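Step one of this worksheet: look at the structure below.
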Amino acid sequence: MLLYSPGDLVIFRKYFDAKSWGLWPGDLLGIAHGDGDGVLTCYRLDWRGRIFERESYLLFSEEVRPVPAPTLPMKRFPPPWGVSDNEEEDQGFIWTGCHVGTA
Numbered sequence: 257m258l259l260y261s262p263g264d265l266v267i268f269r270k271y272f273d274a275k276s277w278g279l280w281p282g283d284l285l286g287i288a289h290g291d292g293d294g295v296l297t298c299y300r301l302d303w304r305g306r307i308f309e310r311e312s313y314l315l316f317s318e319e320v321r322p323v324p325a326p327t328l329p330m331k332r333f334p335p336p337w338g339v340s341d342n343e344e345e346d347q348g349f350i351w352t353g354c355h356v357g358t359a
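All letters in the sequence shown, in the order written, are residues 257 to 359 by the working numbering.
Following this line, the structure appears as structure tokens:
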């Protein structure tokens with residue numbers, strides 16, 4: 257079992273139970289919280305790393321795979337994890353830290 261930290265980015269793989277609601281394979285998610293049993297509280301992200309819906313998803317760590325990218329600032333997550341601040345500190349930079357047009 258992989259251990260994930262708050263702010264990690266993951267890609268949704270598939271549900272391991274019979275449910276088929278809400279998420280599609282390939283959806284980009286940010287982890288707001290993970291407990292020791294491998295249950296993750298995740299939020300769906302857009303391509304810029306912004307949370308675009310307030311609905312959270314409880315997933316098992318086996319249902320996602322890690323993305324090799326910088327972690328998200330916790331302030332982007334809705335309460336109680338953050339303050340829902342999805343604004344960019346500098347409008348010339350995207351969430352990866354690369355200047356727009358140079359990556």
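The beta-carbon is built from N, C-alpha and C at its ideal position, and this holds for glycine as well. Everything numeric in this text was worked out from a predicted model, so none of it was measured.
Residue environment analysis places residue 319 among the buried positions, since at least 16 neighbouring C-beta atoms fall within 10 angstroms of its C-beta.
Relative to the Cα of residue 295, the nearest Cα in the group 261, 336, 282 and 339 belongs to 261. Beta-bridge annotation (DSSP): residue 328 is not paired with any residue.
The C-alpha of residue 291 is placed about 26 Å away from the C-alpha of residue 304. Ranked by Cα distance from residue 268, the options 334, 300 and 329 are led by 300.
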